[in-house]
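In our numbering, the protein residues as written are 666 to 1124.
To start, the structure itself, in structure tokens.
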Ligand code: SAH
Ligand code: SF4
Ligand code: F3S
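Encoded structure:
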């Protein structure tokens, strides 16, 4: 860090740097924190060296993610001292997000250099915390779960500069999978009202956003208040959002198999704005493991559900999450996961070694799996998933796909966009085309992207 440090320049205003860990909901929260601080005169810094205010927006999902925070804090503390020695203003260090919620007190104890700890449902109070903090340091605000108060307090203007944006529509989780910290870090399920979401999406579309990804830990359990005062399903929310001028693509993530309602499946067949991509984690292919995970569904019911979704939208790309090495997982049970993967055929997936999390039921379950065994299983699973992902991408060769052009590519004259199936697509074109959806004939594929030739027509 210290190599980039220069003597303090004379400048007005304070500089903010936010480092984001974890899921897309944290990405959304980081953008909103910047929105809250902007009216107070905080501009964005490119690096922590250049920042007077550094926020670590943290993730608690696995041990490694949580531990990273403490090493980063150690570096920030040293950086603060170096900066002071060179005449910079004192850097404020903030820990936000799920680690802040789960272990706020421990953070303060382990790293006293931290000025503010603020949980995922309390960050709208940052301005007040900053004022108070100028008088005393070490404030923790995290324990209350009140997402409605947070969303009410967020500014309506968002400073997005891309053509795709995230919008959180649902927070929290009531599922209590036995391995997972999210119900403890984010609180109970809560959905934003339809009208608020529509207003946010309309404003985004007005700024040139064409693709919106609706976010929630359990987004398909969405049941926010609709225009008629009754709860609206996610399918109805999507239907309304598809009418907004400028919105060409809608996605949503993450879903639980048990909340995959009939109207949502139908929407995949009938609404062209809803993209043919579905992230539907299953975690394991073994019914015994699924029971121990408290997933409340079996392997067969998941496979049947995928078949129903594919009947509605045959080309839909399915993505998933898997955990290997769950307590007590036998070789045979792991192979049932491989068998499920072979049957479903995934377009992409995330897979993890089980990480025991303090306070969750699985952490104290019998027989934890040896790390070498878990690592070996992860390699086998990932090899199979990579093979499927490559095959899915290769299947696109020869097809013409509508691609939303998002940004310049690595080389001059190149653009990068997204296919309906969320694949990155590289093609030629000038930057004036960014934000357009163009037809691209796919000519090549790799594990992570496609490349092709842009056809002249298409809008
Ligand atoms: N709400 C989402 C998941 C959020 S966490 C859902 O239910 O799909 C994202 C993924 O992290 C999970 O799907 C799971 O695969 C993984 N995960 C969660 N807790 C974990 C743990 N303790 N160890 C390893 N992986 C975990
Ligand atoms: Fe965690 Fe399960 Fe809730 Fe997903 S559904 S956030 S895995 S408890
Ligand atoms: Fe991590 Fe919190 Fe998201 S624990 S995965 S940042 S909800």
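We treat Cβ as the ideally placed atom computed from N, Cα and C, and that holds for glycine.
Any heavy atom of ligand 2 inside 6 Å of the beta-carbon of residue 847? Reading the chain shown from its first residue, position 182 is the one you call residue 847. Checking every heavy atom of ligand 2 against the Cβ of residue 847, one is found closer than 6 Å.
C-beta contact flag for residue 991 and residue 954 at 7 Å: If you number the chain shown from 1, residue 991 lands on position 326. If you number the chain shown from 1, residue 954 lands on position 289. It is a contact, given that the beta carbons lie within the stated cut-off.
Note the first and the last residue of the continuous beta strand (DSSP E) segment covering residue 1071. Here the question's residue 1071 lines up with position 406 in the chain shown. Looking at the DSSP string, the run of the beta strand (DSSP E) that includes residue 1071 is 1065 to 1073.
Are there any heavy atoms of ligand 2 lying less than 6 Å away from the beta-carbon of residue 961, as far as the coordinates show? Position 296 of the chain shown holds residue 961. Because no heavy atom of ligand 2 lies under 6 Å away, the Cβ of residue 961 does not count as near it: no.
Identity of the residues DSSP links to residue 856 by a beta bridge: What you label residue 856 is simply residue 191 of the chain shown in a count that begins at 1. 835, per the DSSP bridge assignment.
According to DSSP, is residue 666 helix, strand or coil? In the chain shown, residue 666 corresponds to position 1, counting from 1. Below a pLDDT of 50, predicted positions are generally treated as unreliable, and residue 666, at 46, falls in that range; the measurement from the model is reported next regardless. Coil at residue 666, not helix or strand.
Is residue 639 near ligand 3, with its Cβ less than 6 Å from a heavy atom? Shown here, the chain extends from 666 to 1124; a query on residue 639 therefore has no answer.
CB contact flag (residue 1127, residue 717, <7 Å): Given that the chain is displayed from residue 666 to residue 1124, the structure contains no residue 1127 and the question cannot be resolved.
Nearest-angstrom Cα distance between residue 1043 and residue 972? Position 378 of the chain shown holds residue 1043. Position 307 of the chain shown holds residue 972. Roughly 26 Å separates the two Cα atoms.
May I ask you to report which of helix, strand or coil DSSP gives residue 887? Taking the chain shown and counting its residues from 1, the one referred to as residue 887 is at position 222. If DSSP states are grouped into helix, strand and coil, residue 887 belongs with coil.
Helix or strand or just coil, what does DSSP make of residue 862? For the purposes of this step, residue 862 is taken as residue 197 along the chain shown, with counting starting at 1. Of the three classes helix, strand and coil, the one that applies to residue 862 here is helix, per DSSP.
Suppose you measure from the CA of residue 1120 to the CA of residue 730; what does that come to, to the nearest Å? In the chain shown, residue 1120 corresponds to position 455, counting from 1. In the chain shown, residue 730 corresponds to position 65, counting from 1. Looking at the two C-alpha atoms, the distance is approximately 43 Å.
Count the other CB atoms within 10 Å of the CB of residue 1118; is the residue buried (16 or more) or exposed (fewer)? Taking the chain shown and counting its residues from 1, one reaches residue 1118 at position 453. Exposed, since its Cβ has fewer than 16 Cβ neighbours within 10 Å.
How many angstroms separate the CA atom of residue 980 from the CA atom of residue 941? Taking the chain shown and counting its residues from 1, one reaches residue 980 at position 315. Taking the chain shown and counting its residues from 1, one reaches residue 941 at position 276. Approximately 7 Å, taken between the alpha carbons.
Given 6 Å as the limit, tell me if residue 946 has its C-beta closer than that to any heavy atom belonging to ligand 1. Translated into the one-based positions of the chain shown, residue 946 becomes position 281. It does: the Cβ of residue 946 is within 6 Å (strictly closer) of some heavy atom of ligand 1.
Please list, in chain order, all residues of the same chain as residue 697 whose beta carbon is under 7 Å from its beta carbon, the five residues on each side excluded. Stepping through the chain shown from its first residue, residue 697 is reached at position 32. Cβ within range, chain order: 819.
Rounded straight-line distance, which links the Cα of residue 693 to that of residue 1051: Your numbering for residue 1051 matches position 386 in the chain shown. Your numbering for residue 693 matches position 28 in the chain shown. Those two C-alpha atoms are separated by around 28 Å.
For residue 838, verify whether its CB is less than 6 Å away from any heavy atom of ligand 3. For this step, residue 838 is matched to residue 173 along the chain shown. For ligand 3, not one heavy atom lies less than 6 Å from the Cβ of residue 838.
With distances taken between CB atoms, is the gap from residue 842 to residue 958 smaller than 7 Å? As a first step, residue 842 must be located in the chain shown, where it is residue number 177. As a first step, residue 958 must be located in the chain shown, where it is residue number 293. Cβ atoms of residue 842 and residue 958: closer than 7 Å.
Backbone secondary structure at residue 923 - three-state DSSP: Within the chain shown, residue 923 is the residue found at index 258, counting from 1. Three-state result, residue 923: helix.
Helix, strand or coil, according to DSSP, for residue 850 in the structure here? Along the chain shown, read from residue 1 onward, the residue named residue 850 stands at position 185. In the structure shown, residue 850 sits in a helix (DSSP, three-state: H, G or I).
Whether or not the stretch 909 to 919 and the stretch 869 to 882 are in contact is what I'm after, with contact meaning three or more pairs of Cβ atoms, one per stretch, closer than 8 Å; do they touch? yes
Short of 7 Å in beta carbon distance, which residues of its chain neighbour residue 766, apart from the five on each side in sequence? Order them along the chain. Locating residue 766 in the chain shown gives position 101, counting from the first residue. Cβ within range, chain order: 784, 785, 807, 850.
Once DSSP output is grouped into helix, strand and coil, what is the label at residue 724? Stepping through the chain shown from its first residue, residue 724 is reached at position 59. Residue 724: coil per DSSP, three-state reduction.
Return the first residue and the last residue of the beta strand (DSSP E) that residue 1083 is part of. Residue numbering aside, residue 1083 sits at position 418 when the chain shown is read from its first letter. That run of the beta strand (DSSP E) goes 1079 to 1083.
Whole-Å CB distance - residue 881 paired with residue 931, under 8 Å assumed: Translated into the one-based positions of the chain shown, residue 881 becomes position 216. Translated into the one-based positions of the chain shown, residue 931 becomes position 266. In fact, because the Cβ distance is near 20 Å, the residues do not count as touching under 8 Å.
How is residue 684 classed by DSSP in three states: helix, strand or coil? For the purposes of this step, residue 684 is identified with residue 19 of the chain shown, where counting begins at 1. Of the three classes helix, strand and coil, the one that applies to residue 684 here is strand, per DSSP.
Do residue 1092 and ligand 3 come close, with the Cβ less than 6 Å from some heavy atom? The sequence position of residue 1092 within the chain shown is 427, counting from 1. Incorrect: residue 1092 has no Cβ contact closer than 6 Å to ligand 3.
Would you give the residue range spanned by the alpha helix (DSSP H) that residue 772 belongs to? Counted from its first residue, the chain shown places residue 772 at position 107. From DSSP, the alpha helix (DSSP H) with residue 772 extends over 762 to 775.
Chain B contact for residue 1080 (CB, 7 Å cutoff): Here there is only one protein chain, and chain B is not present.
Three-way DSSP call (helix, strand, coil) for residue 1093 in this model: In the chain shown, counting from the first residue as 1, residue 1093 sits at position 428. Reduced to three states, the DSSP call for residue 1093 is strand.
What's the gap between the Cα of residue 857 and the Cα of residue 1082? By 1-based counting over the chain shown, the position of residue 857 is 192. By 1-based counting over the chain shown, the position of residue 1082 is 417. Approximately 30 Å between the Cα atoms of the pair.
Curious, which full-length alpha helix (DSSP H) runs of at least 4 residues does the stretch 1013 to 1040 contain? none
Taking the alpha helix (DSSP H) that residue 966 belongs to, which residues open and close that run? Here residue 966 refers to the residue found at position 301 when the chain shown is read from its first residue. Its alpha helix (DSSP H) spans residues 964 to 977.
Taking DSSP as the reference, what is the three-state secondary structure of residue 1115? Sequence index remark: in the chain shown, residue 1115 carries index 450 (1-based). Strand, per DSSP.
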